[in-house]
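Working notes, structure below.
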Amino acid sequence: MNGLTRAWAVCAKDAIQELRRKVAMVAVFFFAATALTLVSFAIGPFGLPAADRPALEAALLWIILFFAAATGLPRAFVAEEEAGTGLALRKTVPAPVVLAGKTLFNFVLFLAMAAVTIPGFLVLLDWKVGSPLAIAVTMLAGGYGLAVVSTFLSALVSRAGQRNVLFVLIAFPLILPLLLTAISATIEAAAGGFPLTALRVLVAYDGAATCGAYMLAGVAWED
Amino acid sequence: MPTTIAAENLDKSFSGARLFSGLSFSASRGLVAVAGKNGSGKTTLLKILAGLARPSSGLVRVQTEGAPALSAAERRLAVGWSGPDLELYAELTALENLRFFRKAAGSHTDAGDLARRLAEVGLPPEVVGRSVAAYSTGMKQRLRIAFATLFDPPVLLLDEPMVGLDSEGREMVSRAIAAARQRGPVLVASNDERDFIEPEQRIELGGIRRPEA
Numbered sequence: 014m015n016g017l018t019r020a021w022a023v024c025a026k027d028a029i030q031e032l033r034r035k036v037a038m039v040a041v042f043f044f045a046a047t048a049l050t051l052v053s054f055a056i057g058p059f060g061l062p063a064a065d066r067p068a069l070e071a072a073l074l075w076i077i078l079f080f081a082a083a084t085g086l087p088r089a090f091v092a093e094e095e096a097g098t099g100l101a102l103r104k105t106v107p108a109p110v111v112l113a114g115k116t117l118f119n120f121v122l123f124l125a126m127a128a129v130t131i132p133g134f135l136v137l138l139d140w141k142v143g144s145p146l147a148i149a150v151t152m153l154a155g156g157y158g159l160a161v162v163s164t165f166l167s168a169l170v171s172r173a174g175q176r177n178v179l180f181v182l183i184a185f186p187l188i189l190p191l192l193l194t195a196i197s198a199t200i201e202a203a204a205g206g207f208p209l210t211a212l213r214v215l216v217a218y219d220g221a222a223t224c225g226a227y228m229l230a231g232v233a234w235e236d
Numbered sequence: 012m013p014t015t016i017a018a019e020n021l022d023k024s025f026s027g028a029r030l031f032s033g034l035s036f037s038a039s040r041g042l043v044a045v046a047g048k049n050g051s052g053k054t055t056l057l058k059i060l061a062g063l064a065r066p067s068s069g070l071v072r073v074q075t076e077g078a079p080a081l082s083a084a085e086r087r088l089a090v091g092w093s094g095p096d097l098e099l100y101a102e103l104t105a106l107e108n109l110r111f112f113r114k115a116a117g118s119h120t121d122a123g124d125l126a127r128r129l130a131e132v133g134l135p136p137e138v139v140g141r142s143v144a145a146y147s148t149g150m151k152q153r154l155r156i157a158f159a160t161l162f163d164p165p166v167l168l169l170d171e172p173m174v175g176l177d178s179e180g181r182e183m184v185s186r187a188i189a190a191a192r193q194r195g196p197v198l199v200a201s202n203d204e205r206d207f208i209e210p211e212q213r214i215e216l217g218g219i220r221r222p223e224a
C-alpha cells in the first residue's frame with residue numbers, strides 16, 4: 014500500500030471523527046459566519062469608497078478566511094495529543110504520512126469554508142469578481158499553503174505547553190508572506206486579470222512549505 | 012527465526028533526576044518481568060523500548076537472527092505495545108479503530124480477521140460496532156491488547172496489562188502472553204507479582220537480576 018493510500022486513511026479518519034464530533038467544523042464555520050456578518054454590517058456594500066474597494070475587500074476576505082481557518086486547522090495534531098491518541102498514531106504510522114493525511118483534511122476543510130464564505134461575501138458586500146477562475150486558483154494555492162503550514166505548526170506545538178500562544182507566535186512570520194501574496198492575487202483577479210506573478214509566488218511558497226514540512230515532520234512530532 | 016530485543020546501557024533522566032542508568036538486558040523468547048516501585052521508570056522503559064520515547068543515552072536493538080538490526084521505522088510494527096497512556100479513537104468503533112491503524116500502517120484490512128481478533132480479546136460483534144467512547148474501563152483495556160497484537164509483532168511490550176480487567180479478562184491476557192512468549196520476547200511491566208507467571212528474566216529497576224532457579 015503506497016504512502017498516498019495511507020495518508021488518505023488518516024484524512025478519512027479525521028473526516029469521520031470531525032463529522033461525529035463537529036468541533037473544528039462548527040468553530041470554523043461559526044467564526045466565518047460571524048466575521049462575515051460583522052463586516053457586512055460595519056461596512057456594507059456601499060460603505061467603502063469605490064477606489065479603495067478592491068484592496069479592502071481582498072484584505073477583508075483573507076482576514077476572515079485566515080482567522081476562521083486558525084480556529085480549526087491548528088487542531089490537527091493538537092487534538093491527537095489532547096485525546097491521548099498521539100501515542101497509538103506515532104506507534105503505527107510514520108510522521109510524514111500523518112502530516113500528509115492531516116494536511117489533506119485541513120485543505121478540504123479550508124475549501125469547504127471558502128465555498129461557504131465567498132458566496133456570502135459576494136452577496137453581503139456586493140463583491141465584484143472579474144475573473145472567477147483566477148479567484149478559484151488563488152483560493153486553491155493560498156488554501157493549500159495555509160493548510161500545510163498550519164498542519165506542520167500543529168505538529169510542532171502539539172506537545173508543548175502554552176501551545177495556542179506558541180502557534181500564533183510561530184505562525185505569524187511564516188504565514189504573513191502567504192497572506193500578502195494571496196491578497197495581491199485576489200485584488201488582481203477581482204479586477205478581471207490573471208495574477209500570474211502572484212500565483213507563481215504562491216505555488217513556490219506551497220512547494221517550499223511542503224518540502225520543509227515533510228523533511229521536518231519526524232523531528233516536529235516524534236522527537 | 013527468533014527475534015531479540017536488547018538494551019545496552021540505557022540511561023534516562025528527567026530534569027536532572029536519574030530514573031535509571033546502565034540498564035542492559037537481552038531477550039529472545041519468554042516472559043521478562045519488569046518490576047519496581049511506583050515512579051521507578053517501568054512505563055518509561057517500555058516506551059523507550061517501543062520507540063515512543065528516547066533514552067538519555069544508550070541503545071535499543073531489535074534483531075531477527077541472521078538479519079541486520081531493525082531500523083526505527085521497521086521497529087514501529089515489529090514491537091507491539093500497550094500501556095495505560097494508550098488511548099484509541101473514542102469517536103470510532105473498535106472495528107474502525109483497528110481497520111484504521113492497519114490501513115494507515117500499509118497493512119491488509121480483512122474485516123473477518125479484525126473481528127476475530129476483537130472476539131479473541133472478549134469484544135463480541137454486538138460491542139465492536141459501538142463507539143469506543145461508550146466502552147467501560149475493562150473493554151478499553153481489552154481493545155488495547157488487540158491493538159498491541161494487531162500486527163502479530165515478534166516482540167510484545169505490555170505495561171500493566173491486567174488493569175481494569177475482570178477474571179475472564181485476566182485469563183484472556185494470560186493466554187495472549189502464553190502464546191506470545193512461545194514466539195518471542197514478552198516484557199510485562201506491573202506492580203502486581205501475580206502478573207508475572209514464571210518469568211524467564213526479571214528486570215528490577217534499580218538493578219537487573221535473573222530469577223532464582
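Note that the protein sequences, when read in sequence, are chains A and B.
Sequential numbering from 14 applies to the first sequence in our numbering.
Sequential numbering from 12 applies to the second sequence in our numbering.
Ideal Cβ positions, reconstructed from N, Cα and C, are used throughout, including at glycine.
### Message
Counting only Cβ pairs nearer than 8 Å, list the residues of chain A close to residue 145/B.
### Response
Here the premise fails: no neighbours, minimum Cβ distance about 12 Å.
### Task
For residue 121/B, count neighbouring Cβ atoms within 10 angstroms of its own Cβ and tell me buried if that reaches 16, exposed if not.
exposed
### Query
Closest by CA to residue 154/A, which one among 55/A, 25/A and 215/A?
215/A
### Query
Between the beta-carbon of residue 125/B and the beta-carbon of residue 106/B, is there less than 9 Å?
yes
### Message
Taking the alpha carbon of residue 166/B as the reference point, which residue from 90/B, 95/B and 34/B has its own alpha carbon closest?
### Response
90/B
### Paired residues, beta bridge with residue 212/B - DSSP
43/B
### Message
On a Cα-Cα basis, can you pick out the residue from 118/A, 146/A, 165/A and 53/A that is closest to residue 20/A?
### Response
118/A
#### Entry: Paired residues, beta bridge with residue 197/B - DSSP
42/B and 167/B
### Message
What would DSSP say about residue 136/A, mapped onto helix, strand or coil?
### Response
helix
### Message
Please confirm whether residue 31/B has its beta-carbon closer than 9 Å to some beta-carbon of chain A.
### Response
no
### Query
If you compare alpha carbons, which of 192/A, 229/A, 227/A and 121/A is closest to residue 31/A?
121/A
### Uninterrupted alpha helix (DSSP H) stretches inside the stretch 68 to 97 of chain B (no shorter than 4 residues)
83 to 89
### Query
With residue 22/B and residue 66/B assumed to form a contact (beta carbons below 8 Å), what rounded beta-carbon distance in angstroms separates them?
6 Å
### Task
Check residue 151/B in the structure and name its three-state DSSP category.
helix
### Message
Quick check on the burial criterion: 16 or more other C-beta atoms within 10 angstroms. Buried or exposed for residue 147/A?
### Response
buried
### Query
Going along the chain, which residues of the stretch 94 to 125 of chain A sit with their C-beta nearer than 9 Å to a C-beta in chain B?
96, 97, 98, 99, 100, 101, 102, 103, 104, 105, 106, 107, 110, 111 and 114
### Task
Please name the residue in 143/B, 83/B and 189/B whose C-alpha comes closest to that of residue 197/B.
189/B
### Query
Using DSSP with H/G/I as helix, E/B as strand and the rest coil, what is residue 109/B?
helix
### Cutoff 9 Å: residue 18/A Cβ touching any chain B Cβ
yes
### Task
Quick one: using the 10 Å Cβ neighbour count with 16 as the cut-off for buried, is residue 224/B buried or exposed?
Model confidence at residue 224/B stands at a pLDDT of 43, short of 50, so the residue's coordinates are unreliable; what they give is reported in the following sentence. Burial call: exposed.
### Query
List, in order along the chain, the chain B residues whose C-beta lies closer than 8 Å to that of residue 29/A?
102, 103 and 107
#### Entry: 7 Å Cβ shell around residue 47/B - same chain, five flanking residues per side excluded
53, 215, 216 and 217
### Query
Should residue 22/A be flagged as near chain B, meaning a C-beta pair shorter than 9 Å?
yes
### Task
Could you name each continuous alpha helix (DSSP H) segment of 4 residues or more that falls completely within the stretch 122 to 150 of chain B, going from the start of the chain to the end?
122 to 131 and 136 to 139
### Task
May I ask you to report which of helix, strand or coil DSSP gives residue 188/B?
helix
### Message
Between which residues of its own chain and residue 162/A is the CB-CB distance below 8 Å, once the five residues before and five after are set aside?
### Response
184, 187, 188, 191, 222 and 226
### Query
Is the shortest distance between the beta-carbon of residue 63/B and the beta-carbons of chain A less than 9 Å?
yes
### Task
Could you tell me if residue 197/A is buried or exposed, where buried requires 16 or more neighbouring beta carbons within 10 angstroms of its beta carbon?
buried
### Query
Where does residue 34/B fall in DSSP's three states?
strand
### Query
Comparing alpha-carbon positions, which option in 201/B, 144/B, 194/B and 32/B lies nearest residue 98/B?
144/B
### Message
Within a Cβ cutoff of 6 Å, which residues of the same chain sit near residue 17/B, ignoring the five residues on either side of it in sequence?
### Response
37 and 72
### Query
Could you give the distance in angstroms between the alpha-carbon of residue 219/B and the alpha-carbon of residue 176/A?
Since pLDDT at residue 219/B reaches only 39, below the 50 mark, its modelled position is unreliable, and the value read off the structure follows with that caveat. If I take the Cα positions, the gap works out to 40 Å.
### Message
Output needed for residue 83/B: all residues of its chain with C-beta closer than 7 Å, excluding positions within five of it in sequence on either side, in chain order.
### Response
62
### Closer than 7 Å at the beta carbon, the chain A residues around residue 96/B
97 and 100
#### Entry: Cutoff 9 Å: residue 141/A Cβ touching any chain B Cβ
no
### Query
From the DSSP output, which residues share a beta bridge with residue 21/B?
34/B
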